[in-house]
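Using this note's numbering, the first residue of the sequence shown is number 18, and each one after it goes up by one.
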Amino acid sequence: MRMNREFVPLSVSALARSRADWLYGMNMSRAYTLLGQKAGYQGVLSVGRVQTPVLGLVVRRDEEIESFVPRDYFTLHALIPYQDNGPAFDIRAKWRPSEACKPWQDEEGRVLNRKLVENVAQRIQGQPARVVKSEHKSTKQNAPLPYSLSALQIDAAKRYNMSAQQVLDVCQALYEKHKLITYPRSDNRYLPKDHFYQANDVLAAIKNNSQEYSAAVDGADSSRKSKAWNDSKVDAHHAIIPTPKKTSMVLSGFEEKVYGLIARQYVMQFYPAAVYAEAMLEFDIQGGQFVAKGKRLQEPGWRVLLGSSANDQEEGVDAVPPLEVGTVLTCREGQIGEKKTEPPRHFTEATLLQAMTGISRFVEDKSLKKSCVIPTVSAQKPLARAF
18 MRMNREFVPL
28 SVSALARSRA
38 DWLYGMNMSR
48 AYTLLGQKAG
58 YQGVLSVGRV
68 QTPVLGLVVR
78 RDEEIESFVP
88 RDYFTLHALI
98 PYQDNGPAFD
108 IRAKWRPSEA
118 CKPWQDEEGR
128 VLNRKLVENV
138 AQRIQGQPAR
148 VVKSEHKSTK
158 QNAPLPYSLS
168 ALQIDAAKRY
178 NMSAQQVLDV
188 CQALYEKHKL
198 ITYPRSDNRY
208 LPKDHFYQAN
218 DVLAAIKNNS
228 QEYSAAVDGA
238 DSSRKSKAWN
248 DSKVDAHHAI
258 IPTPKKTSMV
268 LSGFEEKVYG
278 LIARQYVMQF
288 YPAAVYAEAM
298 LEFDIQGGQF
308 VAKGKRLQEP
318 GWRVLLGSSA
328 NDQEEGVDAV
338 PPLEVGTVLT
348 CREGQIGEKK
358 TEPPRHFTEA
368 TLLQAMTGIS
378 RFVEDKSLKK
388 SCVIPTVSAQ
398 KPLARAF
């Protein structure tokens, strides 16, 4: 039990938001409505602390798409033949342009001048490729934290095309009617340490309630404690997780889907980290820098709960052999790729939610961004983002 005075800042924060909504929304809505009437518009122009930034994001994105002009850009890979004990293959090392190439690059570093790329390709053909840096290592990826409401809404939108309001409504039913999940209107993704001792009961409930993740519970190690259990990072409400309640009641389609997502995220906490094999070779070819990278999933760990399709995206580590620094091979040729820049994509409900939970990315005034905006600040509490 924690002293209530520890939560006074949360109360003050809520009060500040309500007063800001009242002062900003009421006054600015009146002002813009009157200005609109002077311009001949007879409707109400509503201004809000959340709705106006969201509208601004959408309008700005649409303007960016409308004004977008595609441009050709070019890539270059050095093809470096290699053979050890198995069949021969080409190491594909991507060119990293030097500072001298900046006049022919865009703001994202893409080369816009084909002649420049052709010149480099010609210079490296048949030339020695010396290894100047070699890395081969294993890296671990811990399980994602249990859901906050926003994180759940984003995943449900991507996977099931559910709206934020639909997810909120389903969560309310799972919480109030079925008693199968904890408080859903939470913007926190951590759990109190005391909840860890309920793990066996919660896992047993998931095994009973979710046919999809029943087998996953059998593979879980209930003694494993992930980083999710952290008292110092828990606010007024903790992450959304299943309750220990078992039910024989039939859930609706969306209720079953959302419960499954919440259950899956909880079960992941009791699986080991995913382990990747990563490899990198940096070559010097005629003074130019060329880099080959690869990544492969070695031990899926918690990722087994995502299904096979989510684990088949990494590739290329086998094509980056463990060469020692100083090894010299030969570049057979430079392979030029021609591509076009693409416009930004229209917001979906999922990507708009993601934008709102990291709204400071869109603040262009550097002094304002530094002094007034926390890098991960949200546009509003989760409930207000359910639109």
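Backbone N, C-alpha and C define an ideal beta-carbon position, used for all residues, glycine too.
Since the structure is predicted, the reported quantities are computational estimates derived from the model, not experimental observations.
Taking residue 195 as reference, the option from 379, 87, 269, 318 with the minimal CA-CA separation is 269. Within a 10 Å sphere around the beta-carbon of residue 36 sit fewer than 16 other beta-carbons, which makes this residue exposed. Per the Cβ contact rule, the segment 230-239 is in contact with the segment 287-295 (3 or more Cβ pairs under 8 Å). The Cβ-Cβ distance between residue 377 and residue 386 falls below 8 Å. Between the C-alpha atoms of residue 311 and residue 304 there is a straight-line separation of about 23 Å. The Cβ atoms of residue 217 and residue 197 do not sit closer than 8 Å to each other.
Fully enclosed alpha helix (DSSP H) runs of no fewer than 4 residues occupy 68-83 of the segment 56-116, in order along the chain.
Measuring C-alpha to C-alpha distances from residue 212 to each of 359, 243, 94 identifies 243 as the nearest.
Among the bridge pairs identified by DSSP, residue 347 is matched with 145.
In chain order, 258, 259, 260, 261, 283 place their CB closer than 8 Å to the CB of residue 219, counting only its own chain and leaving out the 5 sequence neighbours on each side. In the DSSP assignment, residue 166 is bridged to no other residue. When the alpha-carbon of residue 372 is set against those of 294, 170, 58, 41, the nearest one is in 170.
Around the C-beta of residue 97, 16 or more other C-beta atoms lie within 10 Å, and the residue is accordingly described as buried. From the listed residues 322, 265, 31, the smallest Cα separation to residue 234 is found for 322. By the CB criterion at 8 Å, residue 202 and residue 166 fall inside the cutoff. Around the CB of residue 191, 16 or more other CB atoms lie within 10 Å, so the residue is classed as buried.
Ranked by Cα distance from residue 63, the first of 42, 78, 149, 85 is 42. Here the alpha carbons of residue 370 and residue 180 stand approximately 10 Å from one another. With a cutoff of 8 Å on beta-carbon distance, residue 315 and residue 294 are scored as near each other. With 16 or more other Cβ atoms inside 10 Å of its own Cβ, residue 224 counts as buried. DSSP places residue 156 within a strand segment (E or B) once states are collapsed to three. The straight-line gap separating the alpha-carbon atoms of residue 298 and residue 147 is approximately 10 Å. Listed as beta-bridge partners of residue 246 by DSSP are 208. Residues 207 of the same chain have their beta carbon placed closer than 6 Å to that of residue 250, with the five preceding and five following residues left out of the count. Beta-carbon to beta-carbon, residue 291 and residue 317 are separated by about 6 Å, close enough to satisfy the 8 Å threshold.
Residue 89 and residue 164 have their alpha carbons spaced roughly 41 Å apart. As the crow flies, the alpha-carbon of residue 50 is around 26 Å from that of residue 380.
As computed with DSSP, residue 295 is found in a beta bridge with 154, 312. Taking all protein chains shown into account, residue 272 has 16 or more neighbouring C-beta atoms within 10 Å of its C-beta and is therefore buried.
Shortest Cα-Cα distance from residue 229 to any of 105, 302, 324, 47 involves 324. The segment 347-354 and the segment 64-77 do not touch, with fewer than three beta-carbon pairs separated by less than 8 Å. Between residue 93 and residue 112, the gap from beta carbon to beta carbon is short of 8 Å.
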